[in-house]
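**Student:** Provided herewith is a single structure, encoded as structure tokens, for subsequent inquiry.
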Amino acid sequence: MEPIRRQGALVPLRRPEEPSAPLSDPRLSDVDEWGRSEHIRELARRLYDPIYRHWFRAEWEDLEKIPTEGGALLVANHAGAIPSDAPAIMHGIETELSRPVYGMADHMFKGMPVVGTLWSRAGGVAAHPENAYRLLREQGQLALVFPEGTKGPGKTYSERYQLRRFGRGGFVEIAMRAGVPIVPIAVVGAEESMPTLFKVPGLARMLGVPYVPITANMLMFGPLGLLAYFPAKFRFRVLDPVRFDVPPDQERYSKSRIMDAAEDIRVDLQETLYDMLRQRRSVWF
Amino acid sequence: MGKRVLITGLGSFWGGRMAQTLEADRDVDHIIGLDVEGPKVPLERTEYVRADQSYSILARIVKATQIDTIVHTFLVVDSTHMSGRQLHETNVIGTMNLLAAAGAAESSVRHIIVKSSSLVYGSSMQDPAWFRETMQRTAPPVSRVERSLVEVESYLRDFAVDNPHVTVTLLRFANVLGTDIVTPISKALETGVAPAILGFDPLMQFVEEDDVIRSLHFAFDRQLQGVYNVAGDGRIPWSEVAHICGVRLVPMLPPVLTGLTAGVLSSLGLTDLPPELLDLLRYGRGIDNRKLKAAGFRYRWTSAGAIESFAQARRLRRSVGASRPAYTYERDVENFFRRSAAVVRRPAET
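Sequences listed follow chains A and B, in order.
Each residue of the first sequence is one higher than the one before, starting from 1 at the first, in my numbering.
Each residue of the second sequence is one higher than the one before, starting from 1001 at the first, in my numbering.
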């Protein structure tokens, strides 16, 4: 039997550029594209673990609501003159769920010598919407944001547990674009770990920083108070994940929808905080 | 009919390399190279035309030779060996003349490829980890080389709008490292000292010099339209760059008054770090290379691979010196075979 002959003109085939063998990538460190090093993170966890367990005695409620795989945007209330909540949340989730958390914070960190580099190696990422999108949508990671921004830790002790405005709802828009849920986390204890008694706005303007706090820790320990937290008892409660019924990757989302969702999350978080405070018998235990 | 290509900056590293690559391309009939100085690499069929810095004769050349493609490799991205005025003349005025010639009535030019730089994205505190082609820089350009490149790109955008029949390719390259290219970064590493700003360890991205040429040729071959980032995969901390190269990281620059200190060090002849490099050593930069990959380009080097390529070439140079006599020997022999009347030529070989 004769083989079937193909008919038609010959079209010159475009030669594939190169065989796509894996490229040699002679890396000498484990620093990833965000600047995070698992090695340094591990070291940080080992150093921080006693503080987490024995100083703050952190306790979680409903931790199982945090997804064990896929991207999710964690949002929490932010407090303490030098916020003690971010490292505690990152540490808690990484040790309990053994998956990395990227802590998103103001660009300001990137400009600080030594601190900025350490922060980045320990899992900090500048809070740029594009960074959040890439982490959440393309890499399916957990990203932690504080929608209050610097207004949260910048409040004085008399305003404790009063949530500030949630920015312009940018975090909701990112979650919509990335197609990931928002998981709110209420934190109790950070406020009392380093309470701001009053602020020095003139000095803040001079230094070009959002606020310069005078904390109770400073009055008690002097300059050491910059590092020494009070041993307030830390409690975290994870709220139900908020999923958005919108398609991801849209050019824009309804602004009113975003603002409503952001406000709903803020109200939920605020109510949860009040509930946790109602049940709290002591700041320290 | 084959392509008729004009290359700017034939005397420069990239112009020479590009001409060599196009000479090997059978689809290219004629290659004309412009520059103020002659080519430094051996070329066979490229014709060299001496031009002034701003290419004022370009319109006449295009008209006379019916060029269809211009490869504009001669945008200066290293400000350390050129005065501000020269840089402006070359980058801005040169490109203006080039575009004027290409856009003239009845111009034969159908494709323009421009070799730009990721310097147009700058390097600042507010930057995202990765820049995509559509994203804007977050801080206004401060250094003259960045200003000139931003200006050049804006002319190019206008040109593309005004001349929809011309394919315009704009390639933005990350910092280049490789076996031969000399940049402020490679010069610093070559001395065995990687200058750093105290307290900063930025993430850097590199592209290997062969991937630069291959991507330019790829853009030429595939008639790519639009803006493309060209960079190796991955971002590498500056300390690791030094480690791969086997050089010492020296935080010689303080985090404040960095520019001033760099100025003093440079006047003492210790380092030569332009302002745009100081920003990079503080904040780093990443450009997203996926658009070019999606167009079909296959990189041969990652960022770390490009560093390794440089490191190996540096080790070789340290052992045998910068000159490689074997190459000139081969070239002389080749020239002899090609040109000597003593060589018996058979008809089949011509």
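Every residue, glycine too, gets a C-beta built ideally from N, C-alpha and C.
Predicted model only: the values in this text are computed from it and were never measured.
In chain A, which residues lie with their C-beta within 9 Å of the C-beta of B/W1130?
**Tutor:** Here residue 1130 of chain B refers to the residue found at position 130 when the second sequence is read from its first residue. Neighbours of B/W1130 on chain A, chain order: E33, E130, N131 and R134.
**Student:** With distances taken Cα to Cα, identify the nearest neighbour of A/M220 among A/F230, A/G202 and A/V238.
**Tutor:** Start at 1 with the first residue of the first sequence, and residue 220 of chain A comes out as number 220. Cα-wise, what sits closest to A/M220 is A/F230.
**Student:** Using three-state DSSP, classify B/R1172 as helix, strand or coil.
**Tutor:** For the purposes of this step, residue 1172 of chain B is identified with residue 172 of the second sequence, where counting begins at 1. B/R1172: strand per DSSP, three-state reduction.
**Student:** Given a cut-off of 8 Å on the beta-carbon distance, is the pair A/L273 and A/V188 in contact?
**Tutor:** Here residue 273 of chain A is taken as the residue at index 273 of the first sequence, counted from 1. Here residue 188 of chain A is taken as the residue at index 188 of the first sequence, counted from 1. Yes, Cβ-Cβ distance for A/L273 and A/V188 is below 8 Å.
**Student:** Using the Cα positions of A/M206 and A/P213, report the straight-line distance between them to the nearest angstrom.
**Tutor:** For the purposes of this step, residue 206 of chain A is taken as residue 206 along the first sequence, with counting starting at 1. For the purposes of this step, residue 213 of chain A is taken as residue 213 along the first sequence, with counting starting at 1. Each residue's Cα considered, the two are about 14 Å apart.
**Student:** What is the C-beta distance between B/L1098 and B/H1072, in whole angstroms, given that I count them as a contact (C-beta under 8 Å)?
**Tutor:** To locate residue 1098 of chain B, count along the second sequence from 1; it is residue 98. To locate residue 1072 of chain B, count along the second sequence from 1; it is residue 72. About 6 Å; that satisfies the 8 Å criterion.
**Student:** With H, G and I counted as helix, E and B as strand and the rest as coil, what does DSSP make of A/G103?
**Tutor:** For the purposes of this step, residue 103 of chain A is identified with residue 103 of the first sequence, where counting begins at 1. The answer is strand: DSSP assigns A/G103 an E or B state.
**Student:** Once the 5 residues before and after A/A190 are set aside, which same chain residues still bring their CB inside 6 Å of it?
**Tutor:** Numbered from its first residue, the first sequence carries residue 190 of chain A at position 190. Closer than 6 Å at Cβ, skipping near neighbours: A79, G80, S84 and D85.
**Student:** Out of B/L1198, B/G1296 and B/S1124, which has the shortest C-alpha to C-alpha gap to B/S1239?
**Tutor:** Here residue 1239 of chain B corresponds to residue number 239 of the second sequence, with the count starting at 1. Checked all of B/L1198, B/G1296 and B/S1124; the closest Cα to B/S1239 is B/L1198.
**Student:** Using only alpha-carbon positions, find the residue among B/L1273, B/L1260, B/V1256 and B/R1017 that is nearest to A/V114.
**Tutor:** As a working note, residue 114 of chain A is residue 114 in the first sequence. It is B/V1256 whose Cα lies nearest to the Cα of A/V114.
**Student:** So what's B/L1034 in DSSP terms, helix, strand or just coil?
**Tutor:** By one-based count along the second sequence, residue 1034 of chain B stands at place 34. Strand.
**Student:** Quick check: is the beta carbon of A/R53 nearer than 8 Å to any beta carbon in chain B?
**Tutor:** One-based indexing of the first sequence puts residue 53 of chain A at position 53. No, no contact with chain B.
**Student:** Would you check if the distance between the CB atom of A/Y211 and the CB atom of A/G149 is smaller than 8 Å?
**Tutor:** For the purposes of this step, residue 211 of chain A is taken as the residue at position 211 of the first sequence. For the purposes of this step, residue 149 of chain A is taken as the residue at position 149 of the first sequence. No, the Cβ-Cβ distance between A/Y211 and A/G149 is not below 8 Å.
**Student:** Roughly how many whole angstroms lie between the Cα atoms of B/V1182 and B/A1311?
**Tutor:** Sequence index remark: in the second sequence, residue 1182 of chain B carries index 182 (1-based). Sequence index remark: in the second sequence, residue 1311 of chain B carries index 311 (1-based). If I take the Cα positions, the gap works out to 13 Å.
**Student:** DSSP three-state label for A/F244, please.
**Tutor:** Start at 1 with the first residue of the first sequence, and residue 244 of chain A comes out as number 244. A/F244 falls in the coil class under three-state DSSP.
**Student:** Going by C-alpha to C-alpha distance, which of A/M108, A/D106, A/H107 and A/A58 sits closest to A/M90?
**Tutor:** Position 90 of the first sequence, counted from the start, is the residue given in the question as residue 90 of chain A. Checked all of A/M108, A/D106, A/H107 and A/A58; the closest Cα to A/M90 is A/A58.
**Student:** Are the stretch 1094-1111 of chain B and the stretch 278-285 of chain A in contact at 8 Å, needing three or more beta carbon pairs?
**Tutor:** No: the two stretches stay apart, fewer than three of their Cβ pairs being nearer than 8 Å.
**Student:** Quick check: the stretch 1246-1264 of chain B against the stretch 1045-1063 of chain B, are there 3 or more CB pairs under 8 Å?
**Tutor:** no
**Student:** Using the three-state DSSP reduction, which class does A/K255 fall into: helix, strand or coil?
**Tutor:** Working through the first sequence from its first residue, we reach residue 255 of chain A at position 255. Of the three classes helix, strand and coil, the one that applies to A/K255 here is helix, per DSSP.
**Student:** Find out if the Cβ-Cβ distance for the pair B/G1305, A/P26 is shorter than 8 Å.
**Tutor:** By one-based count along the second sequence, residue 1305 of chain B stands at place 305. By one-based count along the first sequence, residue 26 of chain A stands at place 26. Using a Cβ distance threshold of 8 Å, B/G1305 and A/P26 count as a contacting pair.
**Student:** Of all Cβ atoms in chain B, is any one closer than 8 Å to the Cβ of A/S98?
**Tutor:** Looking up residue 98 of chain A in the first sequence gives position 98. Not one chain B Cβ lies under 8 Å of A/S98.
**Student:** Which chain A residues sit within Cβ distance under 9 Å of B/H1081?
**Tutor:** Within the second sequence, numbered from 1, the residue matching residue 1081 of chain B stands at position 81. Within 9 Å Cβ-Cβ: nothing; B/H1081 doesn't reach chain A, min ~30 Å.
**Student:** Quick check on B/H1081: does DSSP put it in helix, strand or coil?
**Tutor:** Position 81 of the second sequence, counted from the start, is the residue given in the question as residue 1081 of chain B. Note: B/H1081 maps to helix in three-state DSSP.
**Student:** Can you tell me which of A/K110, A/R160, A/A122 and A/V101 puts its alpha carbon nearest to the alpha carbon of A/V145?
**Tutor:** Taking the first residue of the first sequence as 1, we reach residue 145 of chain A at position 145. Ranking the options by Cα distance to A/V145, first place goes to A/V101.
**Student:** Can you name the start and end residues of the alpha helix (DSSP H) that A/H128 belongs to?
**Tutor:** Translated into the one-based positions of the first sequence, residue 128 of chain A becomes position 128. Segment: none, A/H128 is in no alpha helix (DSSP H) and carries neither H nor E.
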